[in-house]
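In the numbering used here, the protein residues as written are -11 to 387. Worksheet: the structure to be examined is printed underneath.
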């Protein structure tokens, strides 16, 4: 018997409902949410994903970077460690040919003390723990400790050929740049007892800086125009190259804030070599001025001050623009060499190597604030204290 109108209506409704269910089940993720809602439930909303800051797997024992994009993040103006916050602000100037250290009060620009040290002091170096300043008496084969709290010198420590001094980023070793001995000597950072001697085949090891992760460092060899790459933990040379310039004499070394490049001053090539430290490939030369010598990063990590000893100028390099943006000329010339930046970042202090003087330069204008007479052959002066959690050595490389 044929279905009644009522039965035909019920069958039609069932077919429509079934088709709708099949259509929902046959669609993708979006339709599944719709099906869930039709069944009286609500799809789970995924939790927002928090951005993960890239962690730098540094040298074991190295304090973590404050910012993986800026190795100098701890060096902001007046951000002094509790260790040094009560130390008096001073400028310590090693006079290479006078065998003395001139101590300058940066507020008055006057010498307040002259300390007798060993033969041919080259650099004044802050220790890793920030508690001691070591005077590198290169030809006297000693290190003279100075207490920066009192300004008093202690008993010299016997160390052969200490031309320059660095510290591994974990504070485990001091590294003596034994220039004439042709050695990198790893020592106890407190007693200076020899731990390991690494002979090198280049001549005149003198300056260095460490990679962002602290696992290697780049060393300049002044007298043979070469660069070394050294594994920090293994204490072994893992790379060596000759600079592509006849008569090259590399000097100071600094890593870029992001750790991607190293800059090496070259006093004969009159510029900075720009090097990829990771690949250790052939570097390129960026001209800065005659007798390029010292490299100092500004407190905001945006610029680097480059001393040009052969022409009495300071070039200002912009890291972001990757170029020299300014050049400051010292009145009456001079021989700006090594130094550092004041704790507030407002003054650049440099020794005048061949003029027996020290220069104080305004970092905002480039104006000379003072020219101070000191002993003969002033070299690696240290401005102290400076911001930072620990020292990697030289005249003050802080992290």
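Where is the CB? At the ideal position from N, CA and C, for every residue including glycine.
- With 16 other Cβ atoms within 10 Å as the buried cut-off, status of residue 210: Per the 10 Å Cβ criterion, buried.
- Based on Cα-Cα distance, which residue from 126, 176, 231 and 329 lies nearest to residue 214? Scanning 126, 176, 231 and 329 for the CA closest to the CA of residue 214 turns up 231.
- Of the residues 242, 334, 137 and 85, which one's Cα is nearest the Cα of residue 128? Here the closest residue by C-alpha is 85.
- Task: Can you have a look at residue 162 and say buried or exposed, based on whether 16 or more other CB atoms are within 10 angstroms of its CB?
- Result: It is buried - the Cβ of residue 162 has at least 16 other Cβ atoms within 10 Å.
- Task: Report buried or exposed for residue 379, applying the criterion of at least 16 other Cβ atoms within 10 angstroms of its Cβ.
- Result: Classification for residue 379: buried.
- Message: Within 8 Å, do at least three Cβ pairs link the stretch 110 to 124 to the stretch 149 to 159?
- Response: Segments in contact, yes.
- Message: Spatial neighbours of residue 367 within its chain, please: C-beta separation below 7 Å, excluding the five flanking residues on both sides.
- Response: Cβ neighbours of residue 367 beyond the five flanking positions: 82, 84, 110, 111, 325, 326, 339 and 341.
- Can you give me the Cβ contacts of residue 274 inside the same chain, cut-off strictly under 7 Å, excluding the 5 residues immediately before and after it? The residues are 259, 260 and 262.
- Relative to the alpha-carbon of residue 80, which residue among 386, 369 and 362 has its alpha-carbon at the smallest distance? Looking from the CA of residue 80, the closest CA among 386, 369 and 362 belongs to 369.
- Query: Measuring CA to CA, which of 49, 53 and 48 is closest to residue 246?
  - Reply: Among 49, 53 and 48, the Cα nearest to that of residue 246 is on 53.
- Query: Enumerated in chain order, which unbroken segments of the beta strand (DSSP E) with a length of 3 residues or greater are wholly contained in the stretch 255 to 285?
  - Reply: The stretch 255 to 285 contains these whole beta strand (DSSP E) runs: 259 to 263, 272 to 275 and 280 to 285.
- Message: Taking its Cβ as the centre, do 16 or more other Cβ atoms sit within 10 Å of residue 140, making it buried, or is it exposed?
- Response: By the Cβ-count criterion, residue 140 is exposed, with fewer than 16 other Cβ atoms from all chains shown falling within 10 Å of its own Cβ.
- Distance, residue 300 Cα to residue 343 Cα: Cα-Cα distance, rounded: 11 Å.
- Burial state of residue 384, where buried means 16 or more other Cβ atoms lie within 10 Å: Buried, because 16 or more other Cβ atoms sit within 10 Å of the Cβ of residue 384.
- Message: Just to confirm before moving on: does the CB-CB distance between residue 174 and residue 217 stay below 8 Å?
- Response: Contact: no.
- Determine the burial state of residue 239: buried for a count of at least 16 other Cβ atoms within 10 Å of its Cβ, exposed for fewer. Under this definition residue 239 is a buried residue.
- Same chain, Cβ closer than 6 Å to residue 113, five either side skipped, listed in chain order: Hits under 6 Å: 122, 153 and 381.
- Could you spell out where the beta strand (DSSP E) holding residue 94 opens and where it closes? First-last for residue 94: undefined, no H or E at that position.
- Message: Helix, strand or coil for residue 61? Go by DSSP, reduced to three states.
- Response: Residue state, collapsed to three classes: helix.
- Looking only at C-alpha atoms, which of 135, 312 and 62 sits nearest to residue 287? Per the Cα distances, 62.
- Straight-line gap, residue 57 to residue 104 (C-alpha atoms, nearest Å): A direct Cα-to-Cα measurement between residue 57 and residue 104 gives close to 42 Å.
- Item | Own chain, CB closer than 6 Å to residue 200, minus 5 neighbours either side, in chain order | Closer than 6 Å at Cβ, skipping near neighbours: 59 and 247.
- Out of 97, 291, 50 and 336, point me to the one whose CA is closest to residue 361's CA. The option with the nearest alpha carbon to residue 361 is 97.
- Query: Short check: CB of residue 266 to CB of residue 233, under 8 Å?
  - Reply: The answer is no: Cβ separation not under 8 Å.
- Give the straight-line distance between the Cα atoms of residue 93 and residue 77, rounded to the nearest whole angstrom. Rounded to the nearest angstrom, the two C-alpha atoms are 7 Å apart.
- Task: Would you please state the rounded distance, in angstroms, between the beta carbons of residue 170 and residue 191? I believe it to be under 8 Å.
- Result: Confirmed, Cβ separation roughly 7 Å.
- Message: Once the 5 residues before and after residue 50 are set aside, which same chain residues still bring their CB inside 7 Å of it?
- Response: These residues qualify, in order along the chain: 157, 158 and 202.
- Message: Tell me the residue span of the beta strand (DSSP E) that contains residue 312.
- Response: Residue 312 -> beta strand (DSSP E) spans 311 to 317.
- Those runs of the beta strand (DSSP E) which lie wholly inside the stretch 118 to 193 and span at least 3 residues: Listed in chain order, they are 121 to 125, 130 to 135, 152 to 155, 162 to 166, 171 to 175 and 182 to 187.
- Query: Under the rule that 16 or more other beta-carbon atoms within 10 Å means buried, what is residue 45, buried or exposed?
  - Reply: Exposed, since its Cβ has fewer than 16 Cβ neighbours within 10 Å.
- residue 172 versus residue 131: straight-line alpha-carbon distance, rounded: Computed Cα separation, rounded: 16 Å.
- Task: Could you work out which residue in 334, 186 and 359 is closest to residue 350 when comparing CA atoms only?
- Result: Residue 334 is the option with its Cα nearest to residue 350.
- Which residues in the same chain as residue 224 place their Cβ atom closer than 8 Å to its Cβ, once the five residues preceding and following it in sequence are excluded? The beta carbon of residue 224 sits closer than 8 Å to the beta carbons of 186 and 218 from its chain, once the five residues preceding and following it are set aside; these are given in chain order.
- Query: CA-CA distance, residue 184 and residue 353?
  - Reply: Cα-Cα distance, rounded: 46 Å.
- Query: For residue 343, does the three-state DSSP call read helix, strand or coil?
  - Reply: Note: residue 343 maps to coil in three-state DSSP.
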